[in-house]
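J.: Quick one: this structure, given as structure tokens, is what I'll be asking you about.
There are 2 protein chains.
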Amino acid sequence: MNNERSTQIRLARRPVGWPVHEDFETVTVDYDAPAAGEVRVRNEFVSVDPYMRGRMNDVRSYVPPYQLGDVIAGAAVGRVVASAADALPVGTAVLHQHGWTDVIQADAAKFRAIEEVPGLPLSLRLHMLGMTGLTAYVGLTTIAGMRAGDTVFISGAAGAVGTAAGQIAKLLGAGRVIGSAGSPEKVALLTDKYGYDAAFNYKEGAVRKQLANAAPDGVDVFFDNVGGDHLEAALASMNDGGRLALCGAITAYNTTERPVGPTNLANMITRSLSMQGFTIGSHWDKLPEFTEQMSGWFGAGKIAYDETIVDGIDNSVDAFLAMMRGANTGKMLVRIGE
Amino acid sequence: MNNERSTQIRLARRPVGWPVHEDFETVTVDYDAPAAGEVRVRNEFVSVDPYMRGRMNDVRSYVPPYQLGDVIAGAAVGRVVASAADALPVGTAVLHQHGWTDVIQADAAKFRAIEEVPGLPLSLRLHMLGMTGLTAYVGLTTIAGMRAGDTVFISGAAGAVGTAAGQIAKLLGAGRVIGSAGSPEKVALLTDKYGYDAAFNYKEGAVRKQLANAAPDGVDVFFDNVGGDHLEAALASMNDGGRLALCGAITAYNTTERPVGPTNLANMITRSLSMQGFTIGSHWDKLPEFTEQMSGWFGAGKIAYDETIVDGIDNSVDAFLAMMRGANTGKMLVRIGE
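Chains A and B, in that order, give the protein sequences. Heads up, the first sequence is in UniProt numbering, so the first residue is 1 and it goes up one at a time. Heads up, the second sequence is in UniProt numbering, so the first residue is 1 and it goes up one at a time.
Here you go:
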């Protein structure tokens, strides 16, 4: 068990609006051999997620803000390369929340061993078989109460949560699934690969009109990753008794202006709509149910996925910014080489 | 059974913004003796309600719009004065939906006999013991899932629904009930007569700041009759897991501009909030439960109420407009004399 150098991305100052590289700093840490009870993990994939932008602000939220000097915490998968803990021998694949670093050494209790399934890459634990998939599943079931036959509209449908949500909605019996995305290529992917019944490019015209065209009989369930004009369009198209699950509002994360609220919230009353915001941290109790369902679907070859890979821990910030701008299809990941 | 003349207020044209007298017409109808199965009812009290403004517009909503030439339909209570229907003999007190008229003659099936309770005026069937009370009850229980100990904020608290909601919240065990109203007199009434723990005048300062002062530990349930800055203020003060019942948005009913939505809807996500709009028409199944509860509270002397009375069917439009401007305390009613 030799010493090893870890490269870590830390928060240097709080971003205002769109983050810039100067808001982060790259620090190296040299680890000695693990102390009793510790393990050393080399990451294979590190996740960059929209919710991280919120944690960079110093405001009350569902997860505490990052402190200046903190490593950007978040999900990552890797493998134990040195161990002083019997529970996690060298070679064990693990999931953890240590975030933007290539190597991390810490108490073994901070890592969770994950079962490796032949043919399924570890990275899936960071999206379809992990938090992202669970978010899509909980949003559709627990939050929106989706029923068979429902027309479901998913904004930001070509992203990590969206590609999961569209497929899960169809597998759970949705009558019609509609998605929005930001390029013609993504729109084509939604209908050709992900089973969406209709999709449109929100950059090509008013969302409200494009959604009305795609959902002539109205929308029963809206799964929102975007906010802004997508939420307003959904409110305009909702059927009586419709349910809106608010998962994200990426349009608002990097703006310094106060976001404009939808002008048609009165539809909440006249159409008896329900809107519920959620974050996955309150719903980990659904993980076993989700894992069983999703593993079954994977086993049956029913789940497609995409990964957009950026190589090298030094490019984490770029990967994060690209994801926030919608450059990814499916899950954006940072891959850590040897 | 002599002939009798009925005075009726009908919709003459669709209002734009605030209704004006020219949007209505007064028509007289001479009734012959009731035909078989018909009764004639002289109204004692006619209700004017905020939701009527929506029905004056020609837009899709939960109740069909009034047609031009229609009597303004709505709740009224009166007494049978001529009858050709065994089920409703002369003298029976009835509740019906024929609206803005002093005398109405129609099929007996269109009227519901109501039990008269000594000491309780018939007019209560139009508010505390009727739709208004039921609206408050359903909003707090079915929609907002109020729990004992909750801090509850009610906007437009001195109105018909608000005076009911505040008392019901306390009787159901709310920990702290806060109300907003539009005059110092109403604010005093909320705390002195209606049992509110705190109240403020929304015309005296920013709602957001006044609410934050009145609810230092945050708000668990918001019962909204107002919309606009009240909704934004509530979103700012909601505790994690808070529930918002949207009952009305009177600020928006008479504006010709597109209403501005709340700028802080993102709190729905970060605080796991639920917002549900409702109209009472979908919740009549709760009427027996509500009636039993409310009758018990009345019997125990636990319910206060106010009525703001305007005399004469010819003044219905004025009563309606005054109610929309907040001139009423408690329930606004049109009283029909002999």
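Glycine residues also receive a C-beta, built at the ideal position from the N, C-alpha and C atoms.
Tell me whether the beta-carbon of THR263(B) lies closer than 8 Å to the beta-carbon of TYR62(A).
T.: No, the pair does not count as a contact, with Cβ atoms beyond the cut-off.
J.: Find the nearest neighbour of ASN57(A) within the set LEU68(A), LEU287(A), ASP49(A), judged by alpha-carbon distance.
T.: Here the closest residue by C-alpha is LEU68(A).
J.: Would you verify that the beta carbon of VAL46(A) is, or is not, closer than 8 Å to some beta carbon of chain B?
T.: Answer no: the Cβ-Cβ gap between VAL46(A) and chain B never drops below 8 Å.
J.: Run through DSSP, which three-state label would ARG208(A) get?
T.: Three-state result, ARG208(A): helix.
J.: Where in the stretch 184–252 of chain A do unbroken runs of the beta strand (DSSP E), each at least 3 residues long, occur, reported from the N-terminal end onward?
T.: Listed in chain order, they are 198–201, 219–224, 238–246.
J.: Which residues bound the beta strand (DSSP E) around ALA106(A)?
T.: First-last of the beta strand (DSSP E) with ALA106(A): 103–107.
J.: Which residues, taken in chain order from the stretch 250–270 of chain B, show a beta carbon closer than 7 Å to some beta carbon of chain A?
T.: If the cut-off is 7 Å between Cβ atoms, the stretch 250–270 of chain B has ALA252, ARG258, PRO259, VAL260, GLY261, PRO262, THR263, LEU265, ALA266, MET268, ILE269, THR270 near chain A.
J.: So who's on the other strand from GLY78(A), going by DSSP bridges?
T.: BP columns for GLY78(A) point to ASN43(A), VAL94(A).
J.: Any C-beta of chain B within less than 8 Å: which residues of the stretch 270–283 of chain A qualify?
T.: Residues THR270, ARG271, SER272, LEU273, SER274, MET275, GLN276, GLY277, PHE278, THR279, SER282.
J.: Is there a C-beta anywhere in chain B that falls below 8 Å from the one on LEU246(A)?
T.: Yes, contact with chain B.
J.: Considering Cα atoms alone, identify which of SER274(A), ALA157(A), ALA76(A), GLY99(A) is closest to LEU189(A).
T.: Checking every option, the nearest Cα to that of LEU189(A) belongs to ALA157(A).
J.: Span of the beta strand (DSSP E) holding MET131(A)?
T.: First-last for MET131(A): 131–138, but that is the alpha helix (DSSP H), not the beta strand (DSSP E).
J.: Can you grab the Cα-Cα spacing for the pair ALA245(A) / SER316(B), in whole Å?
T.: Each residue's alpha carbon lies about 42 Å from the other.
J.: Going along the chain, which residues of the stretch 143–157 of chain A sit with their C-beta nearer than 7 Å to a C-beta in chain B?
T.: Hits within the stretch: zero.
J.: Which of the three DSSP states, helix, strand or coil, is assigned to THR329(A)?
T.: Three-state DSSP puts THR329(A) in coil, outside helix and strand.
J.: From what residue to what residue does the beta strand (DSSP E) around VAL29(B) run?
T.: Segment 24–31, the beta strand (DSSP E) holding VAL29(B).
J.: Taking PRO89(B) as the reference, give the member of THR279(B), GLU44(B), GLU38(B) with the closest Cα.
T.: Nearest C-alpha to PRO89(B): GLU38(B).
J.: Of all the options ASN3(A), GLY145(A), ASN2(A), ARG53(A), which has the alpha carbon lying nearest to the alpha carbon of THR255(A)?
T.: THR255(A) has its Cα closest to that of ARG53(A), out of ASN3(A), GLY145(A), ASN2(A), ARG53(A).
J.: What are the start and end residues of each continuous beta strand (DSSP E) run of 3 or more residues lying completely inside the stretch 269–297 of chain B, in chain order?
T.: You should have 274–277.
J.: What residue range is occupied by the uninterrupted beta strand (DSSP E) comprising ILE154(A)?
T.: Taken as a continuous stretch (DSSP letters only), the beta strand (DSSP E) holding ILE154(A) covers 151–154.
J.: Mapping DSSP to helix, strand and coil, what is THR142(B)?
T.: Looking at THR142(B) - three-state DSSP - the assignment turns out to be helix.
J.: I want to check one thing, is the minimum distance from the CB of TYR196(B) to the heavy atoms of the ligand GTP below 7 Å?
T.: What this structure holds is no ligand at all, so the ligand GTP is not there to describe.
J.: Buried or exposed: HIS127(B), going by 16 or more other Cβ atoms within 10 Å of its Cβ?
T.: The residue in question, HIS127(B), is buried, as its Cβ has 16 or more Cβ neighbours within 10 Å.
J.: Looking at chain A, is there any beta carbon in it that lies within less than 8 Å of the beta carbon of SER237(B)?
T.: Closer than 8 Å: no.
J.: Which chain A residues are close to TYR137(B), counting only those with a beta carbon under 7 Å from its beta carbon?
T.: The contacting residues do not exist; TYR137(B) stays about 17 Å from chain A at best.
J.: Can you check whether the C-beta of TYR62(B) is within less than 8 Å of a C-beta belonging to chain A?
T.: Chain A contact via Cβ: present.
J.: Classify ASN3(B): buried if its beta carbon has 16 or more other beta carbons within 10 angstroms, exposed otherwise.
T.: When all chains shown are included, ASN3(B) counts as exposed.
J.: Checking contacts by CB at 8 Å: is GLY54(A) closer than that to chain B?
T.: Yes, GLY54(A) counts as interfacial toward chain B.
J.: Using DSSP bridges, identify the partner residues of PHE111(B).
T.: In DSSP, PHE111(B) forms a bridge with HIS96(B).
J.: Is there a Cβ of chain C sitting closer than 8 Å to that of ARG14(B), yes or no?
T.: The structure shown has no chain C; the protein chains it does contain are A and B.
J.: Hey, how far is the Cα of ALA82(A) from the Cα of THR291(A)?
T.: Each residue's alpha carbon lies about 29 Å from the other.
J.: Ignore the nearest five residues each way along the sequence and tell me which others in GLY175(A)'s own chain have a CB closer than 7 Å to its CB.
T.: Within the same chain, GLY175(A) has close Cβ partners GLY149, ASP150, THR151.
J.: With a 10 Å radius around its C-beta and 16 neighbouring C-beta atoms as the bar for buried, classify LYS186(A) as buried or exposed.
T.: Under this definition LYS186(A) is a buried residue.
J.: Please report the straight-line C-alpha distance between ILE178(A) and GLY241(A), rounded to a whole angstrom.
T.: Distance between the alpha carbons of ILE178(A) and GLY241(A) is about 19 Å.
J.: Using DSSP bridges, identify the partner residues of LEU11(B).
T.: DSSP lists PHE24(B) as partners of LEU11(B).
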